[in-house]
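Q: Dropping a structure here in structure tokens format, bear with me for questions.
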Amino acid sequence: MNTQLQRVAWTAMALIVALVVATTYWQTWARPGLAARQDNEIQRVAEFEVRRGLILAPERRLARNEVVRRRGKSLYFRKYPQGKLAAHVVGYSTASRARAGLEQSLNGILTGTERDLAGLVESQLDELRGEPIVGDTVVTTLDLRAQQVALEALGRRCGSVVALDPRSGKLLVMASSPSYDPNLIENKFGLIDRITADCRPAAPLLNRASQGLYPPGSIFKVVTAAAALESNRWKPDSGFVDPGYCIAYGKRVNNFDTSRPFGAIDLATALQYSVNSVFCNIGKSLGAKRILEQARKFGFYDRPPLETPETERYPSGLYDRGDLWFPEKDFQVDAGRMAFGQERMLVTPLQMAMVAGGIGNGGIVMRPSVVDRFVSPKGTTADRVERVQLRRAVGPVNARDIGAMMVRAVEAGTGTSARISGYRIGGKTGTAETGVAGRNTTWFIAFAGRRGKRPEVAIAVVLEGQSSTGGSTAAPVARTVMEALLRPTANP
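Anchor point for the sequence shown: position 360 equals 1460 in the numbering used here, and the numbering is continuous, going up by one each time.
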């Protein structure tokens, strides 16, 4: 009898322990994961009883609340006063279609569930008093005037503009075309499906700035030039002979401009006029892995550490059958073609803005950030985003030399369409072949600032399906946006 009682007692004890452990797990460690799941209907409905924090930029509302009374309860639904202006950054929060953008990635902050102990206690007291929980406000770094200029400059063309402050990493512009009105997501989603642009599919919900993967073409020559100088095998005045082409894997690779070979030429002039053969031969000599390791220093092969959702940020690098790929051996990659941005290299505009920013900032790549600070419901700054050095990509002397080459490209090379009087602009054009005649992906990347001062802006522009070059299509867009940032007026 005693043995049987002991067995029952031990069994009951084990069940109690299991119950305590399970309850503790689901209430404590697993709770954040459950709250984050977008298919958690109960959690999602409950969150609409919370007055979500605003999203600002920096003085205008990008997201606010609209109060609706239902069955004696106040529910808060989102409205987006600026419409499509910053849709891909802000995203949306809806009852039926979940969330995207900052509305998704910063949901805990906007709903007040991610706070310090004092903030959580205050939220619990509000709930006990029958008052709605109020989330923290998110203040972004976006310059809405320049953002509007970027969207207007893109027009019906599919593409993107990303601009940041290379000194701090603050994101100033993140425009993706075509855009969409997040106010339509909840009840008029069909109107978004009917958005058209000069490409198919138009894919308006795609954030081309951080999800768009494109062949970089000649803008990748900046990375190759960095690898060349960092190897100490070449200098800006190192000589080459350009016959108008190079031979890669037994095949002739022509310069983009086949009208004339340059003959005797140095590296600085090769970047100024975007001479494929010079970079092709550098790539063959260095090997693919050496160049890719240099690319890694700029941030390739990692998701750019922005505050938007991880699923909305893609890493740049070589892709093989749709997967990011780093070769084990040099012979697996046509290093000659990769060196001037072809082969299987795919990049995002965000990453290439980081490359331009790194060169403009003396070789240091800053961590990009689109959030400036969080403000509590009482109006005090709850937290400010730190400006962090991501990595040193290039030594300061080599960064200076590459920057000087890029300045030559704008002042008297392929990027003259980006010149702005009174400002020092260093840029690089790119025209990537897509395999379809007359349907190039065109690029322009640059850094810019007042003469004699540190660059204040770094920019990347990409346009899909163009019949001309990056110098004639993307560079003018960059110039227009840079002017809006460098010569600011009051926001409209």
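We put the beta carbon where it would ideally sit given N, CA and C, even for glycine. Keep in mind the model is a prediction, meaning the values are calculated, not measured.
Return the chain-ordered list of same chain residues with a C-beta closer than 6 Å to the C-beta of Pro1343, the five sequence neighbours on each side being excluded.
A: Working through the sequence shown from its first residue, we reach residue 1343 at position 243. Pro1361.
Q: Relative to the alpha-carbon of Gly1183, which residue among Leu1254, Met1466, Ile1285 has its alpha-carbon at the smallest distance?
A: Indexing the sequence shown from 1 puts residue 1183 at position 83. Ranking Leu1254, Met1466, Ile1285 by Cα distance to Gly1183 puts Ile1285 first.
Q: Nearest to Asn1354 by alpha carbon, out of Ser1374, Lys1335, Ile1365, Pro1336?
A: As a position in the sequence shown, residue 1354 is number 254, starting the count at 1. When each option's Cα is compared against that of Asn1354, the closest is Ser1374.
Q: Are there three or more Cβ pairs, one per stretch, closer than 8 Å when the segment 1472-1492 is compared with the segment 1236-1245?
A: Yes: the two stretches touch, three or more of their Cβ pairs being nearer than 8 Å.
Q: Starting from the C-beta of Pro1405, find all residues in its chain whose C-beta is less than 6 Å away, skip the five residues before and the five after it, and write them out in chain order.
A: Here residue 1405 refers to the residue found at position 305 when the sequence shown is read from its first residue. For Pro1405, where only same-chain residues beyond five positions count, the Cβ hits under 6 Å are Arg1467.
Q: Could you pull the start and end residues of the alpha helix (DSSP H) that Arg1500 belongs to?
A: As a first step, residue 1500 must be located in the sequence shown, where it is residue number 400. Where Arg1500 is concerned, the enclosing alpha helix (DSSP H) stretches over 1496-1512.
Q: Give the secondary structure of Ile1525 by DSSP, where H, G and I count as helix, E and B as strand, and everything else as coil.
A: As a first step, residue 1525 must be located in the sequence shown, where it is residue number 425. Ile1525: strand per DSSP, three-state reduction.
Q: Return the chain-ordered ranges of every beta strand (DSSP E) run that is complete within the segment 1218-1293 and spans a minimum of 3 residues.
A: Fully enclosed beta strand (DSSP E) runs of 3 or longer: 1237-1240, 1259-1264, 1271-1277.
Q: Using DSSP bridges, identify the partner residues of Asn1165.
A: On the sequence shown, residue 1165 is found 65 positions in, with the first residue counted as 1. Asn1165 is bridged to Arg1178.
Q: Taking the alpha carbon of Gly1312 as the point to measure from, which residue in Pro1576, Leu1563, Thr1573 has its own alpha carbon closest?
A: Here the question's residue 1312 lines up with position 212 in the sequence shown. Among Pro1576, Leu1563, Thr1573, the Cα nearest to that of Gly1312 belongs to Leu1563.
Q: Report buried or exposed for Ser1567, applying the criterion of at least 16 other Cβ atoms within 10 angstroms of its Cβ.
A: The sequence position of residue 1567 within the sequence shown is 467, counting from 1. Classification for Ser1567: exposed.
Q: Is the CB-CB distance between Glu1583 and Ile1520 below 8 Å?
A: For the purposes of this step, residue 1583 is identified with residue 483 of the sequence shown, where counting begins at 1. For the purposes of this step, residue 1520 is identified with residue 420 of the sequence shown, where counting begins at 1. The answer is yes: Cβ separation under 8 Å.
Q: Give me whichever residues DSSP pairs with Tyr1345 in a beta bridge.
A: Here residue 1345 refers to the residue found at position 245 of the sequence shown. Paired residue(s): Asn1354.
Q: Hey, could you find the ends of the alpha helix (DSSP H) Gln1451 is sitting in?
A: If you number the sequence shown from 1, residue 1451 lands on position 351. Looking at the DSSP string, the run of the alpha helix (DSSP H) that includes Gln1451 is 1449-1460.
Q: How many angstroms separate the CA atom of Asn1307 from the CA atom of Leu1450?
A: For the purposes of this step, residue 1307 is identified with residue 207 of the sequence shown, where counting begins at 1. For the purposes of this step, residue 1450 is identified with residue 350 of the sequence shown, where counting begins at 1. If I take the Cα positions, the gap works out to 11 Å.
Q: I need the DSSP call for Asp1423, collapsed to helix, strand or coil.
A: Here residue 1423 refers to the residue found at position 323 when the sequence shown is read from its first residue. Three-state DSSP puts Asp1423 in a strand.
Q: DSSP state of Arg1308, grouped into three classes?
A: In the sequence shown, residue 1308 corresponds to position 208, counting from 1. Arg1308 falls in the coil class under three-state DSSP.
Q: Give the straight-line distance between the Cα atoms of Glu1443 and Tyr1176, rounded to the nearest whole angstrom.
A: Residue 1443 sits at position 343 when you count from the first residue of the sequence shown. Residue 1176 sits at position 76 when you count from the first residue of the sequence shown. Their backbone Cα atoms lie some 50 Å apart in a straight line.
Q: Beta carbon of Ala1200, beta carbon of Leu1242: below 8 Å?
A: Within the sequence shown, numbered from 1, the residue matching residue 1200 stands at position 100. Within the sequence shown, numbered from 1, the residue matching residue 1242 stands at position 142. No, they are not a contact pair.
Q: What would DSSP say about Gly1549, mapped onto helix, strand or coil?
A: To locate residue 1549, count along the sequence shown from 1; it is residue 449. It is a strand residue.
Q: Can a CB atom of chain C be found closer than 8 Å to the CB of Leu1271?
A: As a matter of chain content, chain C is missing from the structure shown, which is built from one protein chain.
Q: I need the boundaries of the beta strand (DSSP E) containing Gln1442, first residue and last residue.
A: The residue labelled residue 1442 in the question sits at position 342 within the sequence shown. It is not in any beta strand (DSSP E) - Gln1442 carries neither H nor E in the DSSP assignment.
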